[in-house]
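Each protein sequence line maps, in turn, to chains D and B.
Just so we're aligned, residue 532 is where the first sequence starts under the working numbering, counting upward by one.
Just so we're aligned, residue 532 is where the second sequence starts under the working numbering, counting upward by one.
Notes for the one structure printed next.
There are 2 protein chains.
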Amino acid sequence: MIRLSKLADYGIVIMTHMARGRARQHATHDIAEATQVPAAMASKILKTLVRTGLLASNRGANGGYVMTRDPAMITVAEVVEALEGPIALTSCTEEGETDCGIEQLCPTRTNWQRINDAIRTALAEISIGEMATAIPSAFMVEDDNSDHQVSRPPMAKLA
Amino acid sequence: MIRLSKLADYGIVIMTHMARGRARQHATHDIAEATQVPAAMASKILKTLVRTGLLASNRGANGGYVMTRDPAMITVAEVVEALEGPIALTSCTEEGETDCGIEQLCPTRTNWQRINDAIRTALAEISIGEMATAIPSAFMVEDDNSDHQVSRPPMAKLA
DNA sequence: TTCAAATTGGACCGAATTGGTTCTATTTGT
DNA sequence: ACAAATAGAACCAATTCGGTCCAATTTGAA
Numbered sequence: 532m533i534r535l536s537k538l539a540d541y542g543i544v545i546m547t548h549m550a551r552g553r554a555r556q557h558a559t560h561d562i563a564e565a566t567q568v569p570a571a572m573a574s575k576i577l578k579t580l581v582r583t584g585l586l587a588s589n590r591g592a593n594g595g596y597v598m599t600r601d602p603a604m605i606t607v608a609e610v611v612e613a614l615e616g617p618i619a620l621t622s623c624t625e626e627g628e629t630d631c632g633i634e635q636l637c638p639t640r641t642n643w644q645r646i647n648d649a650i651r652t653a654l655a656e657i658s659i660g661e662m663a664t665a666i667p668s669a670f671m672v673e674d675d676n677s678d679h680q681v682s683r684p685p686m687a688k689l690a
Numbered sequence: 532m533i534r535l536s537k538l539a540d541y542g543i544v545i546m547t548h549m550a551r552g553r554a555r556q557h558a559t560h561d562i563a564e565a566t567q568v569p570a571a572m573a574s575k576i577l578k579t580l581v582r583t584g585l586l587a588s589n590r591g592a593n594g595g596y597v598m599t600r601d602p603a604m605i606t607v608a609e610v611v612e613a614l615e616g617p618i619a620l621t622s623c624t625e626e627g628e629t630d631c632g633i634e635q636l637c638p639t640r641t642n643w644q645r646i647n648d649a650i651r652t653a654l655a656e657i658s659i660g661e662m663a664t665a666i667p668s669a670f671m672v673e674d675d676n677s678d679h680q681v682s683r684p685p686m687a688k689l690a
């Protein structure tokens, strides 16, 4: 059912939390507590987020993690890709998989590209900054079209 | 890495093939052969596509499967949902999961909705009909912005 | 200088999901 | 009556995933 791995899921939650927090620097422990993400898990995620450059770390006592960029400049797509690798919906678009055997009927290939692009774009259009803006009170900050938080679409289960 | 299950992957390939084929009715065997999808697998997929109403079946000798709708009227999203259930990126949006524990910091919830919507929309904007139109010769049919098949974006592996 | 608080990196494991097969029943044309 | 199809379900191996744990390193402070 096309779902994000928990890793990416948590990742976004964590980044969102860090973006919202007034404190610049956050220690793993605090983040875990605040987000309810299991500490070990949070740690793992934070580490890889550092590796991919979305976070910076200060080691040693009083250490912690800091965002390297303005949350508004970090897209959800980036976080997802940082944690689960490139967003590619189908195996046929994966690197090195040139020999899918069905080359002839594979105009589809290019269309798959379209699908991938579409999704990536969708994910790239939402920033962590936006995610961090509190919604219940409904203050959309730097957002233009304001229908999304109202519509809770049926989400069509099957047909 | 956010990927479609092989089920949905194959599903789209199969639907695309059926849309392209001049023959109205297709038998499992032929479909499997043409698409390179393992026969048993194809069979399984076809069955569920019938159950969800995207295909109709004729049983018995000379039987086979038929699309119930104009391919242009069937979206990729439908096929995906038919095969892997509702498109919901994160567990927190799944039905009945109201007790995510972190209700307070969960303005995020509504933002997840946005993400889900974005993706679903992306997938809903591409029809099987479009998928079926041959691309290599680059005849974009009912499409407006024509940069997607040209741009093979870096697909940013990690950072 | 020594200790404690942090991050780092990796190995590791159980469980769930996935991709795929197989078998039996049923339907239908010839 | 037989063969060609679909229907439906159970079943299995293997990968992936969510999660934990541990040893190493860095750094501030007593």
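Just so you know, even glycine gets a beta-carbon here, dropped at the ideal spot from N, CA and C.
{"Query": "Measuring only between beta-carbons, confirm whether residue 546 (chain B) sits less than 8 Å from chain D.", "Result": "no"}
{"Query": "For the ligand FMN, is there a heavy atom less than 7 Å away from the beta-carbon of residue 585 (chain B)?", "Result": "Absence of the ligand FMN from the depicted structure is noted, as is the absence of any ligand whatsoever, leaving it without description."}
{"Query": "Check whether the segment 586-596 of chain B touches the segment 656-665 of chain B, taking contact to mean three or more Cβ pairs, one atom from each stretch, closer than 8 Å.", "Result": "no"}
{"Query": "Could you tell me whether any Cβ in chain B is nearer than 8 Å to the Cβ of residue 662 (chain D)?", "Result": "yes"}
{"Query": "Cβ of residue 549 (chain B) within 8 Å of Cβ of residue 557 (chain B)?", "Result": "yes"}
{"Query": "Could one say the Cβ of residue 645 (chain B) lies closer than 8 Å to chain D's Cβ atoms, at least one of them?", "Result": "yes"}
{"Query": "Please list, in chain order, the chain B residues whose beta carbon lies closer than 9 Å to that of residue 656 (chain D).", "Result": "649"}
{"Query": "Is residue 573 (chain D) near residue 566 (chain D), with beta carbons less than 8 Å apart?", "Result": "yes"}
{"Query": "So the beta strand (DSSP E) residue 586 (chain D) belongs to, where does it begin and stop?", "Result": "586-589"}
{"Query": "Given a cut-off of 8 Å on the beta-carbon distance, is the pair residue 609 (chain D) and residue 577 (chain D) in contact?", "Result": "no"}
{"Query": "With a threshold of 8 Å between beta-carbons, can residue 604 (chain D) be considered close to chain B, or not?", "Result": "no"}
{"Query": "Closest to residue 615 (chain B) by CA distance: which of B:580, B:546, B:554 is it?", "Result": "B:580"}
{"Query": "Along chain B, in chain order, which residues have C-beta atoms closer than 7 Å to that of residue 607 (chain D)?", "Result": "646"}
{"Query": "Distance cutoff 8 Å, beta carbons only. Does residue 558 (chain B) sit that close to anything in chain D?", "Result": "no"}
{"Query": "Considering only the beta carbon of each residue, do residue 660 (chain B) and residue 602 (chain B) sit closer than 8 Å?", "Result": "yes"}
{"Query": "Chain B partners of residue 653 (chain D), CB-CB under 8 Å?", "Result": "646, 649, 650, 652, 653"}
{"Query": "Quick check: the Cα distance between residue 643 (chain B) and residue 607 (chain D), rounded to an integer number of angstroms?", "Result": "10 Å"}
{"Query": "Can you tell me the Cα-Cα spacing of residue 662 (chain B) and residue 646 (chain D), whole angstroms?", "Result": "10 Å"}
{"Query": "Assign residue 568 (chain D) to one of three DSSP states: helix, strand, or coil.", "Result": "coil"}
{"Query": "For residue 594 (chain B), write down the residues that DSSP places opposite it in a beta bridge.", "Result": "DSSP lists no partner for residue 594 (chain B)."}
{"Query": "Does DSSP put residue 636 (chain D) in a helix, a strand or coil?", "Result": "Unreliable positioning characterises residue 636 (chain D) in this predicted model, as indicated by a pLDDT of 46, which lies under 50. A coordinate reading is not provided."}
{"Query": "How many Å lie between residue 546 (chain B) and residue 538 (chain D) at the Cα?", "Result": "32 Å"}
{"Query": "Does any CB atom of chain D fall closer than 8 Å to the CB of residue 642 (chain B)?", "Result": "yes"}
{"Query": "For the alpha helix (DSSP H) that contains residue 662 (chain B), what are its first and last residues?", "Result": "659-663"}
{"Query": "Quick one: what's residue 606 (chain B) bridged to in DSSP?", "Result": "B:658"}
{"Query": "Please list, in chain order, all residues of the same chain as residue 535 (chain D) whose beta carbon is under 6 Å from its beta carbon, the five residues on each side excluded.", "Result": "none"}
{"Query": "For residue 541 (chain B), which residues from the same chain have a beta carbon less than 8 Å from its beta carbon, with the 5 sequence-adjacent residues on both sides left out?", "Result": "566, 568, 572, 573, 576"}
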